[in-house]
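A.B. asks:
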Amino acid sequence: MLDIKIIREHEEVVRQGLAARGAPTDFLDAVVADDRQRRALVTEVETLKNQRNTVSKQIGVLKSKGQDTTETQKAMREVGDLINQKDAEVRDLEARLKDNLLRIPNLPHSSLPVGLDASANVVVRTFGAPRTFAFQPKGHVDVGERLGIFDFARAARMTGSGFPLFLGMGAKLQRALIQFMLDLHVSEHGYTEMLPPFVVNTASMIGTGQLPKMAEDMYHATDDLWLIPTAEVPVTNYYRDDIIDRPLPVYMTAYTPCFRREAGSAGKETRGIIRVHQFDKVEMVKFVEPSTSYAELETLLANAEDVLKRLNLHYRVLSLCTGDISFAAAKCYDIELWAPGQNAWLEVSSCSNFESFQARRANIRYRRPDGKVDFVHTLNGSGVALARLVVAILENGQEADGSVTLPDAIVPYMGGVRRLEAGGVIG
RNA sequence: GGAGAGGUGGCCGAGUGGUCUAAGGCGCAGCACUGGAAAUGCUGUGUGCUCCUAAAGGGCACCGUGGGUUCAAAUCCCACCCUCUCCGCCA
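Read in order, the letters of the first sequence are residues 9 to 435 in this note's numbering.
(1) Is F158 helix, strand or coil by DSSP?
(2) Where Q81 and G68 are concerned, what is the direct C-alpha to C-alpha distance, given to the nearest angstrom?
(3) Give the secondary structure of F35 by DSSP, where H, G and I count as helix, E and B as strand, and everything else as coil.
(4) Count the C-beta pairs between the region 372–387 and the region 244–253 that are closer than 8 Å, then say yes if the count reaches three, no if not.
(5) Would you report the Cα separation of T33 and L402, rounded to the nearest angstrom?
(6) At the level of alpha carbons, what is the spacing between D125 and F206?
(7) Would you say R29 and G331 are within 8 Å of each other, going by their C-beta atoms?
(8) Let me confirm a value: R268 is counted as buried when at least 16 other C-beta atoms fall within 10 Å, else exposed. Which label applies?
(9) Whose CA, out of G147, T238, E79 and A417, lies closest to the CA of L203?
(10) Nearest to V325 by alpha carbon, out of V130, C266 and V419?
(11) What is the DSSP secondary structure of V398, reduced to helix, strand or coil?
(12) What residue range does the beta strand (DSSP E) around I372 cover?
(13) How is L326 classed by DSSP in three states: helix, strand or coil?
(14) Beta-carbon within less than 8 Å of A48's beta-carbon, same chain only, minus the 5 sequence neighbours each way: which residues are those?
(15) Take I236 and list the residues in its own chain whose beta-carbon comes closer than 7 Å to its own, dropping the five residues that flank it on each side.
(16) I'd like to check one pair, L173 with F160: are the Cβ atoms closer than 8 Å?
(17) Could you please give me the residues that DSSP links to Q286 through a beta bridge?
(18) Just tell me which of I15, I214 and M177 has its CA closest to the CA of R426.
(19) Helix, strand or coil for F135, going by three-state DSSP, please let me know.
(20) Per DSSP, what kind of secondary structure is R254 in: helix, strand or coil?
(21) Got a sec? Which residues, its chain only, sit under 8 Å from D43 by beta carbon, not counting five neighbours each side?
(22) Within 10 angstroms of the Cβ of N351, are there 16 or more other Cβ atoms? Answer buried if so, exposed if not.
(23) Give the C-beta separation of R60 and I91 to the nearest angstrom, bearing in mind that I take them to be a contact with Cβ-Cβ under 8 Å.
(24) Count the CB pairs spanning the region 312–325 and the region 400–420 that are closer than 8 Å, and state whether there are at least three.
(25) Quick one: what's got a C-beta closer than 8 Å to R248's C-beta in the same chain, skipping five residues either side?
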């Protein structure tokens, strides 16, 4: 959520930011008009309340002296009716104002490449090189099916398409990767591990920016609970409506499954586990002092990259352009893994600085050295998303005989297993 | 799921319709005292909105949340949420 004061005082800057994103300005137009009207109305109703408060006190004093106050009370009843009427108007206006404000995206940071779609994204750096194959590399579905580590058909029967099921060494690989990533972030990158609820309430979904705009992409359960699309939601909302009682920065990491309806992307990448309704992810979240958030974004990105470096996977880092960053982000880097079987780059991490956008929505504050409270800056990054990481491991590690050689870093977490083979393993 | 108790400022805690402008304590900050400290004393100490060119200063709202009654609500009424205790069910 943008600061209404910024909108009021620097409307042109806000308009330029939205234009750079290619975002519509109708919500902004409505907010500007409603804000002006609201302030006029508030002034009016507060004058009336002041009058009522003053006179009510006088009535109390007069009554204690035994005087009759019938006439005054009658007059105040009329003032009260007027107040109720105007208060209702203010409430309606504020509800509409808030709803529109919640639909305005964050403003892009000045360092972003300018452009309206992914073609304007800039490659910041590349790690490693694509492996050369002496044979035609297969896609992860073929590799995995031969190894017997997936069973998508039965998963579709029990649930529906897009819900992956891992079996045997496939399940173990998922578990090993989760453990490997959590250990790395906790032991070497200074994060505190959290295991949060996997469903959250509506207020939390508004806090991180999924609602109200992206309701269609979310799974909505009974009791008005939502399945989380990312651990970002519960972890960031850990401090919703709080003044953080620990010294900043605060680093948190969490493994959770993630649930996404992927509404509107039917037909895209339906085969395998590249685009699914449920996947596992280790997420990193930071709560930081505003002046440090861009430096913190760089280290957050480095923490995510470290996962891939240790797995010795070929990847590249993109700085997303003004038109391609997500709703709540001011700046965002994507990390993409090379998948030879797809002959394509796969996004496995998105590292974003939200500045005070989420903190303002979720009311997350800290105490400054001067004693004043202020909104923190929040950041998060995938560290990293699992289904696609598995795709890259399978496709990059595949051998001509159909077996898959695992990255060295994961071997201890696999109980010493170095290679996945159909019908067995080689230690 | 059932019964009961409770939710008040950074924290503890008083307050059952009218100077509540929320007592008192703790904590915190400043000052005084001191060679320095402790102890003690004094003073101050919330958030949001709004008016004002700004500052200074006014005003409004906030006692779990949302409604209602009343000239007037922390206080009365209704609904909901959460916490605790006991019972039931349960991995």
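Every residue, glycine too, gets a C-beta built ideally from N, C-alpha and C.
C.D. replies: Inspection of the coordinates gives the following:
(1) As a first step, residue 158 must be located in the first sequence, where it is residue number 150. If DSSP states are grouped into helix, strand and coil, F158 belongs with the strands.
(2) As a working note, residue 81 is residue 73 in the first sequence. As a working note, residue 68 is residue 60 in the first sequence. So the alpha carbons of these two residues sit roughly 11 Å apart.
(3) By 1-based counting over the first sequence, the position of residue 35 is 27. Residue state, collapsed to three classes: helix.
(4) yes
(5) Here residue 33 corresponds to residue number 25 of the first sequence, with the count starting at 1. Here residue 402 corresponds to residue number 394 of the first sequence, with the count starting at 1. Each residue's Cα considered, the two are about 45 Å apart.
(6) Here the question's residue 125 lines up with position 117 in the first sequence. Here the question's residue 206 lines up with position 198 in the first sequence. For D125 and F206, the distance between alpha carbons rounds to 32 Å.
(7) By one-based count along the first sequence, residue 29 stands at place 21. By one-based count along the first sequence, residue 331 stands at place 323. Yes, the Cβ-Cβ distance between R29 and G331 is below 8 Å.
(8) Translated into the one-based positions of the first sequence, residue 268 becomes position 260. Burial call: buried.
(9) As a working note, residue 203 is residue 195 in the first sequence. Nearest of G147, T238, E79 and A417 to L203, Cα basis: T238.
(10) Position 317 of the first sequence holds residue 325. The shortest C-alpha separation from V325 is found at V130.
(11) Walking along the first sequence from the start, residue 398 turns up at place 390. Of the three classes helix, strand and coil, the one that applies to V398 here is helix, per DSSP.
(12) For this step, residue 372 is matched to residue 364 along the first sequence. Unbroken beta strand (DSSP E) run through I372: I372 to R375.
(13) Stepping through the first sequence from its first residue, residue 326 is reached at position 318. Three-state result, L326: strand.
(14) Taking the first sequence and counting its residues from 1, one reaches residue 48 at position 40. Answer for A48: no residue qualifies.
(15) Position 228 of the first sequence holds residue 236. Closer than 7 Å at the Cβ level, and outside the excluded window around I236, lie F206, V207, V208, P242, T264, C266 and F267.
(16) Here the question's residue 160 lines up with position 152 in the first sequence. Here the question's residue 173 lines up with position 165 in the first sequence. Yes, the Cβ-Cβ distance between F160 and L173 is below 8 Å.
(17) What you label residue 286 is simply residue 278 of the first sequence in a count that begins at 1. DSSP output for Q286 lists F267 as bridge partner(s).
(18) The residue labelled residue 426 in the question sits at position 418 within the first sequence. The option with the nearest alpha carbon to R426 is M177.
(19) On the first sequence, position 127 is the one that residue 135 refers to. Here F135 sits in strand by DSSP.
(20) Within the first sequence, residue 254 is the residue found at index 246, counting from 1. Coil, per DSSP.
(21) Stepping through the first sequence from its first residue, residue 43 is reached at position 35. The answer, listed in chain order, is I12, I15, R16 and L105.
(22) Within the first sequence, residue 351 is the residue found at index 343, counting from 1. Counting Cβ neighbours within 10 Å, N351 comes out exposed, since fewer than 16 surround it.
(23) Within the first sequence, the letter at position 52 stands for residue 60. Within the first sequence, the letter at position 83 stands for residue 91. Rounded, the Cβ-Cβ distance is 7 Å, consistent with contact.
(24) yes
(25) For the purposes of this step, residue 248 is taken as the residue at position 240 of the first sequence. Around R248: A211, S212, G215, A370, N371 and I372.
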